[in-house]
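The structure appears below as C-alpha cells.
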Amino acid sequence: MQMKSTNSKLRLPLVRTVTTLTEKIHRPVLSSTTTTSSSSLVLESYLQPHINDTIYAKNRTLDSYIKSGNFTLAQKLFEEMSMCDVVTYNLMVSGLGKYGMPKQALYYYYEMVSMGINESPSTFSSVLSICSSHDGFLKQGIQVHCRIIKLGCGCNLFIRTSLVGFYMQMGCLDLGFSLFDEMPERNLATWNLVLRGFCELGRFHELLRVYHEMKLDGVHPNGLSFCYLIRGCCDEKFFYEGKQLHCHIIKVGWARSNIFVANALVDFYSACKSLNDARKSFESIRVEDVISWNSIVSVYADCGLLFEAVELFYLMQFWGKPSIRSFVALLHLSSLNGNILFGKQIHCCVLKMGFDIGSFHVQSALIDMYGKCRYIESSVSAFESVPKKTTQICNSLMTSLLHCGIVYDVVEMYGLMVDEGIGLDEVTFSTTLKALSVSEFASMDSCRLVHCCAMKLGFGSDVAVSCSLIDAYSRCGHVQLSKKVFEQLPSPNVICFTSIINGLAQNGLGRECLQTFEAMIRKGLEPDKVTFLCVLTGCSHSGLFEEGRLVFYSMKAQYGICPSKEHFSCMVDILGRAGLLDEAEELTQKASGRGDCVMWTSLLRSCRIYRNEIVGRRAAKALLELDPEDFSVYLQVSNFYSDIGEYEASMHIRELAIARKLTREIGRSFIEVNDPHIDWSSVQNKKTEDIRHRLRQ
Numbered sequence: 001m002q003m004k005s006t007n008s009k010l011r012l013p014l015v016r017t018v019t020t021l022t023e024k025i026h027r028p029v030l031s032s033t034t035t036t037s038s039s040s041l042v043l044e045s046y047l048q049p050h051i052n053d054t055i056y057a058k059n060r061t062l063d064s065y066i067k068s069g070n071f072t073l074a075q076k077l078f079e080e081m082s083m084c085d086v087v088t089y090n091l092m093v094s095g096l097g098k099y100g101m102p103k104q105a106l107y108y109y110y111e112m113v114s115m116g117i118n119e120s121p122s123t124f125s126s127v128l129s130i131c132s133s134h135d136g137f138l139k140q141g142i143q144v145h146c147r148i149i150k151l152g153c154g155c156n157l158f159i160r161t162s163l164v165g166f167y168m169q170m171g172c173l174d175l176g177f178s179l180f181d182e183m184p185e186r187n188l189a190t191w192n193l194v195l196r197g198f199c200e201l202g203r204f205h206e207l208l209r210v211y212h213e214m215k216l217d218g219v220h221p222n223g224l225s226f227c228y229l230i231r232g233c234c235d236e237k238f239f240y241e242g243k244q245l246h247c248h249i250i251k252v253g254w255a256r257s258n259i260f261v262a263n264a265l266v267d268f269y270s271a272c273k274s275l276n277d278a279r280k281s282f283e284s285i286r287v288e289d290v291i292s293w294n295s296i297v298s299v300y301a302d303c304g305l306l307f308e309a310v311e312l313f314y315l316m317q318f319w320g321k322p323s324i325r326s327f328v329a330l331l332h333l334s335s336l337n338g339n340i341l342f343g344k345q346i347h348c349c350v351l352k353m354g355f356d357i358g359s360f361h362v363q364s365a366l367i368d369m370y371g372k373c374r375y376i377e378s379s380v381s382a383f384e385s386v387p388k389k390t391t392q393i394c395n396s397l398m399t400s401l402l403h404c405g406i407v408y409d410v411v412e413m414y415g416l417m418v419d420e421g422i423g424l425d426e427v428t429f430s431t432t433l434k435a436l437s438v439s440e441f442a443s444m445d446s447c448r449l450v451h452c453c454a455m456k457l458g459f460g461s462d463v464a465v466s467c468s469l470i471d472a473y474s475r476c477g478h479v480q481l482s483k484k485v486f487e488q489l490p491s492p493n494v495i496c497f498t499s500i501i502n503g504l505a506q507n508g509l510g511r512e513c514l515q516t517f518e519a520m521i522r523k524g525l526e527p528d529k530v531t532f533l534c535v536l537t538g539c540s541h542s543g544l545f546e547e548g549r550l551v552f553y554s555m556k557a558q559y560g561i562c563p564s565k566e567h568f569s570c571m572v573d574i575l576g577r578a579g580l581l582d583e584a585e586e587l588t589q590k591a592s593g594r595g596d597c598v599m600w601t602s603l604l605r606s607c608r609i610y611r612n613e614i615v616g617r618r619a620a621k622a623l624l625e626l627d628p629e630d631f632s633v634y635l636q637v638s639n640f641y642s643d644i645g646e647y648e649a650s651m652h653i654r655e656l657a658i659a660r661k662l663t664r665e666i667g668r669s670f671i672e673v674n675d676p677h678i679d680w681s682s683v684q685n686k687k688t689e690d691i692r693h694r695l696r697q
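Heads up: the sequence shown runs through residues 1 to 697, numbered per this note's numbering.
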C-alpha cells in the first residue's frame, strides 16, 4: 500500500461490511443498469458519503470502470486516489493490457516499482502476458524476469508458469524449456504452455517428445493438449503421425466430446489436403460451430473446388451467419480461378451481411480478388472505401498493382505509406523490390534506399525480402551485391537458391550458375521446375551445351519433374546455339505437336546464323501458321528469306504484314546518368550523341 497524501484514513473492516451490504441491497438496481455512466452514479451515490476515501472501495469502483472499458473515468479516479496498493496497480496494468494498450500498461507497472510497491504473483503474470501478446516487448519481459530473480520469486509455481509461457510465445523455446525443466512441480497448464510453444513454431518432433514426457510424469492431457498436438501435425510430412494421434484421441474419447479437438482434426486433414478425411471429421461433430463450418468451407476453397465450397457455404447459412474466414476463403478461391463473376457475388454477400465495414481481412481479400482478376479500377475503389488504411490493406493494393503490371504505382504507393506513417512489413518491402526488379526505371539508388529501410526496420534477413533484393540487384547488373545478400542468409531454402541462380543466369554467368545449383543439391535441397528453368537459361546464355543437356534430361530421370514448354524452349535454344538444328527441330515437335512460337522463333534465329535453309523454311512456315497476327513474326520470316537471298519472298512477307495493317511497338531504351533516367526510342537516334557526351562526363 502506498500513500499519495497524508490526510487519508483507513477503515478496511467497515468498508468490507458496507460494500457487502451495498451489493445485497442494490444488486437489482446495479444489474439493470447498462450504461457505464449510470452504473458509476449508483455506486458513487451510495458509497461516497461512507467510504470515498478508502482503497478497497475505490479499487472496486476502478475495477467496474475498467471492466466496462471506460478508461477515461478509470484514469481520472486513479489520479484522484490519495492512496494506492498493489491491487490498484494490478487493475490498471491488467485492464490496459487486456484492451490492447501495452505501453500504457507497462507505464503503470514501472510507476508501481518506482513507488516502492512490491509486485504480487498476479502482477508478474499480467506484465509477462502483455509482453508475450504484443510484438517488440521481449526486452521488457526479460527485465521483468530479472526483477523476479532479484525479489526471490522465481520458485513460485504461478510466476514460473508465466515465465515459461512468455518465453515459449516469444519464440525463445530453449530458454522457456530450460525454465520448465528446472521446475520441481509442473501442472497441466504448464505442460500445455510448452506444447503450445512447440506447436506454434512447427517443431513437431519436440512436441511429440514433450507429450511422451508428460505421460511419463503422470499428467493426463486434456482437450487443449490434444488441440496443440493435432495442430502441430498440420503438414503433409506428418500425416501418418497425425493419423496415429487421431486414433489415440478416439481411444481416449476426446474426438466427439470436445468441439475444439474435433475442429483441430478438420484443420489437420485440411492442411494435409485429405478432403475425404476432413469431411468425415466434420460430419462426426455432434454440434457444429462457426469454426467447424469455416474449416470445411476453407479446405474445399483452398483446393480450388468451387462447386463443393459454394454448396457448403449455402448449407452454412441454414446453420447460422457465415464468418470472416469463410468469406476470405471464397474470395481467395475467386482470385485463384480468375472468376470475377463469382467474386462479385461473394462481394454482394459481404455487403449484405455487413462484413465490408471494420473487417480488414475481408477488405484486403476484396482488393486482392479484383486485382488478381485484373479489375484494377474495382480494386482501387475497394481500397478507397476503407476509412483507415492499414499495412495489410496497402499491401493488398500493391500486390494487385504489381499483378496488373502497373509497377510505377507500386513504388508510388510505397512512398505514400512512408509519408503517411503507415507501418511497413516484409510484404511491403518484397512487393516494392519486385516492382523495381521488373520495371523499366529500376535504378541502383532506388534498390539501395529500400534495402536500407528494410534493414533499419529489421526485415533485412527475411527470406522474401532477401529474394526480392537478389532479383532487384541482379536486374540492375550488380551481381556481386546479389551474391552478398545471398551469402548473408543463415539457412537459404530452394527459393533463395533459385533467386541467385536466376540472377547469375540473367547476367551470363553460366558456370557460377551451375556451381550454385550443385551447392544446392549438396545441401540436400530438391530443385523445382523454376530452379531447372533458371539453370537452363544460364546454360543457354553462356553456350554450355553439354551441361544444359545433362540438366535437362536429369529433370525426369532423377527428380521426376516433367519438362514444361518453357524448359523445352530453353533446350531448343541451347541446341540451336550449338548448331544441332535437326535435333532442335525434333525436340520442338516433341514438346507439343507443332510446338509454340517461342521455340520456332528460337529455331529460326539459329537457322539464320547457321544458314540452314531446309529447317529454316519449316520453322518460318510453322511461325506464320501459329501466329499470323504478330508483326514480329513477319519481320523475322522476312529477314530469314532476305538472309538466304530470296528477296522477292522477303518483300512479299512484308507486304502481307502491311496489308493486314500490323504494327509493332516502338523499342525503347533506358539509361540512368547522374540520377535521372533518360529514355529514347529506336526513332530518336538524335539523342545518342547527347547521351554519349553525358556519359563521357
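Virtual Cβ for every residue (Gly too), placed ideally from N, Cα, C.
Please read all numbers here as calculations on a predicted model, not as lab measurements.
Check                                                                                                                                                                        : Outcome
Would the beta-carbon of Gly223 fall within 8 angstroms of that of Gly197?                                                                                                   : no
In the segment 179 to 245, which residue ranges form an unbroken alpha helix (DSSP H) of at least 4 residues, counting only runs that do not cross its ends?                 : 188 to 200, 204 to 216 and 223 to 231
Quick one: residues in its chain with C-beta nearer than 6 angstroms to the C-beta of Tyr65, no 5 flanking neighbours on either side, listed in chain order?                 : Leu73 and Ala74
Which residues share a DSSP beta bridge with Met599?                                                                                                                         : Note: Met599 sits in no beta bridge, so no partner.
Compare the beta carbon distance of Val219 and Leu188 with 8 angstroms and say whether it is the shorter of the two.                                                         : yes
If you drop the 5 nearest sequence neighbours on each side, which residues of the same chain put their C-beta closer than 8 angstroms to that of Leu739?                     : As displayed, the chain neither begins before 1 nor continues past 697, which places residue 739 out of reach and without an answer.
Could you give the distance in angstroms between the alpha-carbon of Trp254 and the alpha-carbon of Cys131?                                                                  : 33 angstroms
Nearest-angstrom Cα distance between Gly165 and Gly171?                                                                                                                      : 10 angstroms
What does the Cβ neighbour count give for His205, buried or exposed, with the cut at 16 atoms within 10 Å?                                                                   : exposed
Identify whether Met115 lies in helix, strand or coil by the three-state DSSP scheme.                                                                                        : coil
Could you tell me the alpha carbon to alpha carbon distance between Val127 and Glu200, rounded to whole angstroms?                                                           : 22 angstroms
Hey, Cys373 and Ser335: beta-carbon distance below 8 angstroms or not?                                                                                                       : yes
How would you write the range of the alpha helix (DSSP H) that Arg160 sits in, first residue to last?                                                                        : Leu157 to Gln169
Measure the alpha-carbon distance for Val615 versus Val598 and round it to whole angstroms.                                                                                  : 16 angstroms
How long is the line joining the alpha carbons of Asp368 and Glu119, rounded to whole angstroms?                                                                             : 48 angstroms
Here's the rule I'm using: 16 or more other beta-carbon atoms within 10 Å means buried, otherwise exposed. How should Thr20 be labelled?                                     : Here the model assigns Thr20 a pLDDT of 40, short of 50, so the residue's position is not dependable, and the following value carries that caveat. Answer is exposed; the Cβ neighbour count stays below 16.
Should Ser602 be labelled buried (16 or more other beta-carbon atoms within 10 Å of its own) or exposed?                                                                     : buried
Measuring straight from C-alpha to C-alpha, what distance separates Cys349 and Tyr314?                                                                                       : 11 angstroms
With a 10 Å radius around its C-beta and 16 neighbouring C-beta atoms as the bar for buried, classify Lys660 as buried or exposed.                                           : As written in the sequence, residue 660 is Arg, which differs from the Lys given in the question. Per the 10 Å Cβ criterion, exposed.
Would you check if the distance between the CB atom of Ser542 and the CB atom of Gly508 is smaller than 8 angstroms?                                                         : yes
Assign Asp471 to buried or exposed, taking buried as 16 or more other Cβ atoms, counted over all protein chains shown, within 10 Å of its Cβ.                                : buried
Count the other CB atoms within 10 Å of the CB of Pro490; is the residue buried (16 or more) or exposed (fewer)?                                                             : exposed
Unbroken alpha helix (DSSP H) runs of length 4 or more, entirely within the segment 537 to 571: which are they?                                                              : 545 to 559
Taking the continuous alpha helix (DSSP H) assigned at Leu635, which residues delimit it?                                                                                    : Phe631 to Asp643
Determine, using beta carbons only, whether Glu482 and Gly503 come nearer to each other than 8 angstroms.                                                                    : One point to set straight first is that residue 482 is Ser, not Glu, in the sequence displayed. Yes. Within cutoff.
Spatial neighbours of Asp356 within its chain, please: CB distance less than 6 angstroms, with the 5 preceding and 5 following residues excluded, ordered by chain position. : Val350
What number of angstroms, rounded off, separates the C-alpha of Asp217 from the C-alpha of Leu341?                                                                           : 57 angstroms
Once you ignore the five residues that flank Ala271 on each side, which residues in its own chain have a CB closer than 7 angstroms to its CB?                               : Cys234 and Asp235
Cutting at 6 angstroms between CB atoms, please list the residues of its own chain near Thr432, excluding the five before and the five after it.                             : Tyr414 and Val450
What's the C-alpha gap between Cys404 and Met316?                                                                                                                            : 34 angstroms
Measuring alpha carbon to alpha carbon, tell me which of Thr54, Gly136, Leu656 and Met101 ends up nearest Gly69.                                                             : Met101
Where in the segment 433 to 478 do unbroken runs of the alpha helix (DSSP H), each at least 4 residues long, occur, reported from the N-terminal end onward?                 : 444 to 456 and 463 to 475
Please list, in chain order, all residues of the same chain as Asn192 whose beta carbon is under 6 angstroms from its beta carbon, the five residues on each side excluded.  : Leu224 and Ser225
Counting only runs of 4+ residues fully inside the segment 52 to 76, write out the alpha helix (DSSP H) ranges in chain order.                                               : 55 to 67
Roughly how many angstroms separate the alpha carbons of Phe260 and Arg231, rounded to a whole number?                                                                       : 11 angstroms
Whose C-alpha, out of Arg654, Val407 and Gly423, is nearest the C-alpha of Asp630?                                                                                           : Arg654
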